[in-house]
Amino acid sequence: MESLFDGVILAEGKTKVIGQCAADPEKVIVVSKDDITAGDGAKHDLLSGKAAMATRTTCNNFRLLHACGIPVGFDEQLSPTSFSAPKCEMLPYEVVIRREAHGSYLKRNPGMEKGHLFPRLLVEFYLKTNHRKWNAHDLLCDDPFMSYDEAARTVNLFEPSKPLATQTPFLVLPESEVFTHEGESKFFKEMSAIARRAFLVLEKAWQLEGGALVDCKVEFGLTAKGNLLLADVIDNDSWRVLEHGAYLDKQVYRDGGALDAVAANYQRVAGITDRFRIPTQCIIIWSGSVNDDVTPVEKAIAKCSGGTVETLRIACSVHKEPVRAIAELNRLVQAVPESVVIAYIGRSNGAGPTLSACTTVPVITVPANFKEFPEDVWSSLRTPSNVPVTTVLEPSNAALAALEILALHNPRLYMHLREALEDQIGSYLRQDQAEERGLVLLAFGFPYWIIEEEGLFGLYVAAPDAEPATRELEKFEAERATEREIAREALTHPPPPAPLRKKVKPFSLFIFTWTLCICFAVQHDQGAHWITLGEADSNAILQGEIWRTLTALTLHADLGHLCANLATGLLFAWALLPLFGTGGTWMGIVLSGALGNLFNAVLHGGSEHRSIGASTAVFGGLGMLVGWQIVAAIRRHHESRDHPWRFRNIAFPLAAGLALLAFLGVGSENEHIDIMAHGLGLFSGILLGILATWTRLPEKMSPRMQLLLALAALLLPGMAWLVAIS
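Going by my numbering, the sequence shown opens with residue 94, and the numbers climb by one from there.
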């Protein structure tokens, strides 16, 4: 191979080498390698035989495209792993054509479903870069998505893996830093047109083999004469192809498939592309006499097919020479089985049905003198059984119908017809759907019109407006897809019931107040012995006297201590009642106080530590409020796409809780304040608040259950005192 290169390597990439052809300085040799990569080279393997399979696939594709009149950078295959091509100066763009939404498109348009079909091919441009550099500029990624702003004469770069709706260009380059050729801005339209035509050819070729080409990447180069060529390679790394819903291409490797499975797919694709071809086809234009003028049909065929379909004119009266006519028909169809007959007949136009009854190829009859003798059409419409003739009054429509039949098996013809069809912006089942999108276009200054064809409503704009109008409609469809997704999620996951937020009934607050006051009166009557029985003694709790975690909540050092806890406790309980209900609030306060005392005992284990007071439970109530706010912030993020996630969403409630702890729970130097118990009560309340809010437990509880929980919260300290006394 070095002899072919003449020892000069012009460029080398991850999967191929390009060298100077020794025999012709105007040519290069492209040699494939067995390397397979993904993720900008982050994943890399050697796949035995890949070079040969890739070269075979590329050459098959380029031969087909060349046969379809597409300018490609290909001359001939030289060996199993190499081919020659015209020498080009490659342009720094990757051009991606999409029929369906796959890959990075879904990341840029997260509202779009995978596999969403684009009736009009979507063409995207990416700037080819290496090592995240462009000249002196550092880039966020390689091969960024790009858009050219012709008015501002700038190239805007975006991250291809992030939603475009949330991005601004991470780099805006003046066109002088990107373009290196005079008039290069005009290349984009030409590259787009060539790329579309190439895709259409390959799309039909794959359809004929039972596959579906959903997207494809191509590159372009300029020859020394300034001709634009579709160059580089088109192999199994260049496209996504589906067969029965499964990928046959490099996507299998990207998704972590075994190398054996990847190799089998590459081999299968190479074999399939071996069968890519342009079939031999013909349209037989049948007239009753050599004097009949069939020019309208011939012109329509040439215009719609780009002059790529062979036509054959036969002049033979089926009525006067039926035997000769049928024999001639059989001979022609035998010679070219993929034929369509257009019977362009003047008088006695029943000749078309007669031909149709004697052949298996489609026959389209055109009553040439219909306008002068409209009654003649009945001989072509009222036909006997087993006469499947098609009658078309307009010669151009008959020509188009014949071409569409042949295009079912002809990639080149399909390309011509589909390219013209895709000038139509969209096709819709209902007129109101087309009109709605037409109004969208009109809002952006694009006049439109709607044409009903075969039960569908086609939306059209002027040819110069096709590209920008399509972009605006794609944005509209993406927004509609997002709205549908939100609606679908709402049906699948209905919004949560609103928090209880019922009117606060103060009865439980009076019960709380009188309970603590009665406990303080009993404590005052019983003296120090009562405190010794119920205080939160760390060593005693760790030795099994768990009831002390509850009894200590009902003891207070003095009347000021009691009043302080009553004031703050009533305030927090008033805020909690509409969120958690009566039972949920008081059970949460009691449990968080008990848990705070338990954690406090564990942390003081082995040391003499005693504490009393309801303040641990009071700060537990504060913690429940903080926990509710944290869950509410998380839910707002998940239930609203317009509510972005930030750490401060949960930091603010936490900071507020800690601030109140510092303000109310620390005290002065002369006060005996158990700061750790207060903090642990707050922590316990946060945990219980998050758990109850996340599981929506208060919302699920009936009023009866709330009442039972409230009674249980009242009885728990009482039962703990019974155990302590006994």
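Every residue, glycine too, gets a C-beta built ideally from N, C-alpha and C.
Cβ-based burial, residue i [other Cβ within 10 Å; buried from 16]
| i | result |
| --- | --- |
| R213 | buried |
| M205 | buried |
| D325 | buried |
| C610 | exposed |
| L672 | buried |
| T388 | exposed |
| F238 | buried |
| K297 | buried |
| P524 | The question names Pro, yet the displayed sequence has Gln at residue 524. Its Cβ having fewer than 16 others within 10 Å, Q524 is exposed. |
| N462 | exposed |
Contact check, residue i vs residue j, beta carbons under 7 Å
| i | j | result |
| --- | --- | --- |
| A650 | G627 | no |
| I448 | V470 | The displayed chain sequence assigns Leu, not Ile, to residue 448. Contact flag unset, no. |
| S685 | G774 | yes |
| G782 | W721 | yes |
| H509 | S398 | yes |
| G778 | G716 | yes |
| D328 | T174 | no |
| L688 | T678 | no |
| V456 | A491 | no |
| I634 | A710 | no |
| P488 | V390 | yes |
| S432 | C375 | yes |
| A813 | W623 | no |
| G166 | P185 | no |
| V271 | V307 | no |
| K310 | E187 | yes |
| S125 | A144 | yes |
Spatial distance of residue i from residue j (CA atoms)
| i | j | result |
| --- | --- | --- |
| V554 | F537 | 12 Å |
| G698 | A726 | 37 Å |
| L157 | P372 | 11 Å |
| L534 | F569 | 10 Å |
| Y872 | N223 | Nothing can be reported for residue 872, as the shown portion of the chain is limited to 94 through 819. |
| G134 | K107 | 8 Å |
| L293 | H412 | 43 Å |
| L199 | C152 | 31 Å |
| G304 | H502 | 14 Å |
| G142 | D127 | 6 Å |
| V121 | G364 | 26 Å |
| R368 | L232 | 42 Å |
| F280 | F251 | 21 Å |
| L543 | A559 | Checking the displayed sequence, the identity of residue 543 turns out to be Ile instead of Leu. So the alpha carbons of these two residues sit roughly 14 Å apart. |
| Y507 | L301 | 12 Å |
| V355 | K136 | 14 Å |
| R201 | Q260 | 9 Å |
Which of helix, strand or coil DSSP assigns to residue i
| i | result |
| --- | --- |
| K109 | strand |
| N154 | helix |
| D128 | strand |
| Q170 | strand |
| L293 | helix |
| G364 | helix |
| I639 | coil |
| E421 | helix |
| F537 | coil |
| V724 | helix |
| F463 | coil |
| D117 | coil |
| K396 | helix |
| N479 | coil |
Residue i versus the options, residue with shortest Cα-Cα distance
| i | options | result |
| --- | --- | --- |
| V480 | A491, G445 and A513 | G445 |
| S708 | H697, V683, G698 and S700 | V683 |
| G162 | T647, P599, A291 and V326 | A291 |
| C451 | R440, P477, P185 and P460 | P477 |
| L352 | S819, I129 and V110 | I129 |
| G314 | G400, E515 and L322 | L322 |
| P430 | Y437, M812 and L422 | L422 |
| S331 | G400, V362 and D242 | V362 |
| L790 | M680, P179 and T563 | M680 |
| A614 | S601, M798, V426 and L652 | L652 |
| V286 | H159, I190, Y241 and K226 | In the sequence as presented, Val is not what sits at residue 286; that position holds Ala. The candidate whose alpha carbon is nearest that of A286 is I190. |
| S378 | E336, D367, A393 and E529 | Going by the sequence as given, residue 378 is Ile instead of Ser. Among E336, D367, A393 and E529, the Cα nearest to that of I378 belongs to A393. |
| G551 | K318, A513 and G338 | A513 |
| P169 | T148, M183, C181 and E182 | Per the sequence shown, residue 169 should be read as Glu rather than Pro. Cα-wise, what sits closest to E169 is T148. |
| R370 | L691, L808, L643 and A160 | A160 |
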